[in-house]
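Numbering follows our numbering, with no gaps: position 242 of the sequence shown is 376.
All residues carry an ideal CB built from backbone N, CA and C; glycine is no exception.
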Amino acid sequence: MRLGQWLGLFALAISLYILWQIRQVVLLLFASVVLATVLNRVVRRIQRYRIQRGIAIAITITVLLALIIGFFAFIVPRIVDQLQQLLGVLPQTSERIAAWLNWLQSTIPGAIFEQLRVLENIPQQLQAWITQLLGNFFVILNNSLTVVLSFLLFLVLTVMLLVNPSQYRRVFILAFPNFYRRRIDEILSESEASLVGWIKGTLIAMVVIGLVSFIGLTILGVPLPLVNAALAGLLEFIPNVGPTLSVVPPALLALLDAPWKAGAVILLYIAIQQFESLVLVPLIMKHEVNLMPVFTILSVVIFASLFGFLGLFLAIPLLIVVQIWLKEVLVKDVMNKWGK
């Protein structure tokens, strides 16, 4: 290799090292880009009514902040209150599971029964998780200056990107060779459309799943329907993994009343997930990027392990962007033209 190639390789290694060291800032910037992309669509719709862009941005940001403040002022306290109630009934759930397992011990073969013993530890694990969640929630609200500053930085970056998105888009495109810039512009447009479509569809799915879960749990008479429905709706943002986890708390609570009710809750959530998979998702995301379930699960696990909570939250948007760029650049522009 020539000296210039060695220098280029060294510069690449240094750049990757720096990016890894500031990975949280990079993820925060990516989150700002995603939110600014979505809000820009809203701003464009408002501008159709002959409203200046500055006023449209102010309206959009005001509505967004009002929704965030309203969520923390009215919804979060009720969820926290019901989580504390859930902590109070978990010991009873543990006793009920132990009694149920003792009854099953005389009717089920030993090998299968030992596999069911794992259910006995679920209430204790859930109790520890909720206690940690509530503790971290109050610590974050009261003591974490870093989180507050990160959130403010996130909002500032979002507003700055929203004011003049075309300028930042041009700067990004200029980083590529002249002959490829039009192609990059097309890929960015496709990424924007897929991200906006996916987020819009996901928000609709979260609301629908939350409402259906609340109605179903209320009909079954399961305690704390609001917190369980909110959990089901929020976990919908994490495909495949989230909906599976959301069934555990209501099933444990239903077990306090009767084993059949716990089974009814499980059947309810299975029916909701079938409705989501067969009707809701194909209906609201029929024109969006197709994400394979295996890649979805792997992306959630990998990004969460590498980048923590922020990586878990951004796993699917990152997967969408990476998939589009790999398909358009690597497959269409490189692999498909290889040897032509």
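query                                                                                                                                                                           : result
Check whether the region 319-339 and the region 349-363 are in contact - that is, three or more C-beta pairs closer than 8 Å.                                                   : no
Tell me whether residue 410 sits in a helix, a strand or coil according to DSSP, three-state version.                                                                           : helix
When every heavy atom of the ligand ATP is checked, does at least one fall within less than 7 Å of the C-beta of residue 207?                                                   : The ligand ATP is absent from the structure shown, which contains no ligand whatsoever.
What did DSSP end up calling residue 392 once you bin it into helix, strand or coil?                                                                                            : coil
I'd like the span of the alpha helix (DSSP H) that includes residue 187, first residue to last.                                                                                 : 187-204
Among residues of its own chain, excluding the 5 on either side of residue 395, which ones have a beta-carbon nearer than 8 Å to its beta-carbon?                               : 354, 355, 356, 388, 389
The alpha helix (DSSP H) that contains residue 372, what's its start and end?                                                                                                   : From DSSP, residue 372 is part of no alpha helix (DSSP H); its letter is neither H nor E.
Is the region 199-208 touching the region 296-309, taking contact as three or more C-beta pairs under 8 Å?                                                                      : no
Anyone know if the C-beta pair for residue 177 and residue 184 falls short of 8 Å?                                                                                              : no
Excluding the 5 residues preceding and the 5 following residue 342 in the sequence, name in chain order all residues of the same chain whose CB lies nearer than 7 Å to its CB. : 414
Would you kindly work out how many angstroms separate the C-alpha atoms of residue 295 and residue 196, rounded to a whole number?                                              : 16 Å
How many whole angstroms separate the CB atoms of residue 369 and residue 379, which I take to be in contact at a CB cut-off of 8 Å?                                            : 6 Å
Since residue 371 and residue 340 should fall inside the 8 Å C-beta cutoff, what is the C-beta to C-beta distance between them, to a whole number of angstroms?                 : 6 Å
Note the first and the last residue of the continuous alpha helix (DSSP H) segment covering residue 452.                                                                        : 449-459
If you drop the 5 nearest sequence neighbours on each side, which residues of the same chain put their C-beta closer than 8 Å to that of residue 425?                           : 373, 450, 453, 454, 457
Mapping DSSP to helix, strand and coil, what is residue 183?                                                                                                                    : coil
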